[in-house]
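Structure, as structure tokens:
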Amino acid sequence: MVIESGIIIFIGLLLLFIKLPHKTRLYLLGKPLALDLTVSVAAYILHWGTFTGVMAAAVAGLMCSGFTSLGRRAIGYTSKGVTHTGWFSQPNQQVKQ
């Protein structure tokens, strides 16, 4: 039950992330530690109160951490003004400023 709840929490967070503009997504993926900590703390705060809620938030936080690493490799990231392309990015694709 806890793992299923954590997966549902993660899917909700992932859908919110997908709705962000592409440039914002690349910027956030350029700061993976800050992104992981922010998402994990937000999940803990939202689901605080029961042991099941906290464990589901922990599962969602771990999944977000894994998918942050996968997202950096898959779609790329922006770090210090330089955009690094991922597996599914076109090398000559320009991000609108």
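First residue of the sequence shown? That's 195 in our numbering, and the numbers climb one at a time after it. Cβ atoms here follow ideal geometry from the backbone N, Cα and C, with glycine treated the same way.
**Prompt:** Grouping DSSP H, G and I as helix and E and B as strand, with all else coil, what is Thr-272?
**Reply:** Along the sequence shown, read from residue 1 onward, the residue named residue 272 stands at position 78. Correct three-state label for Thr-272: strand.
**Request:** Given a cut-off of 8 Å, decide if Trp-281 and Arg-266 are closer than it, judged by their beta-carbon atoms.
**Result:** If you number the sequence shown from 1, residue 266 lands on position 72. If you number the sequence shown from 1, residue 281 lands on position 87. No, Cβ-Cβ distance for Arg-266 and Trp-281 is not below 8 Å.
**Uninterrupted alpha helix (DSSP H) stretches inside the segment 205 to 236 (no shorter than 4 residues)** = 216 to 223
**Prompt:** Are at least three pairs of beta-carbons, each pair with one atom in the segment 235 to 251 and one in the segment 209 to 226, less than 8 Å apart?
**Reply:** Three or more beta-carbon pairs separated by less than 8 Å are not found between the segment 235 to 251 and the segment 209 to 226, which leaves the two stretches without contact.
**Prompt:** Between Ala-237 and Ile-203, is the Cβ-Cβ spacing less than 8 Å?
**Reply:** By 1-based counting over the sequence shown, the position of residue 237 is 43. By 1-based counting over the sequence shown, the position of residue 203 is 9. Against a cut-off of 8 Å, the Cβ pair of Ile-203 and Ala-237 comes out as a contact.
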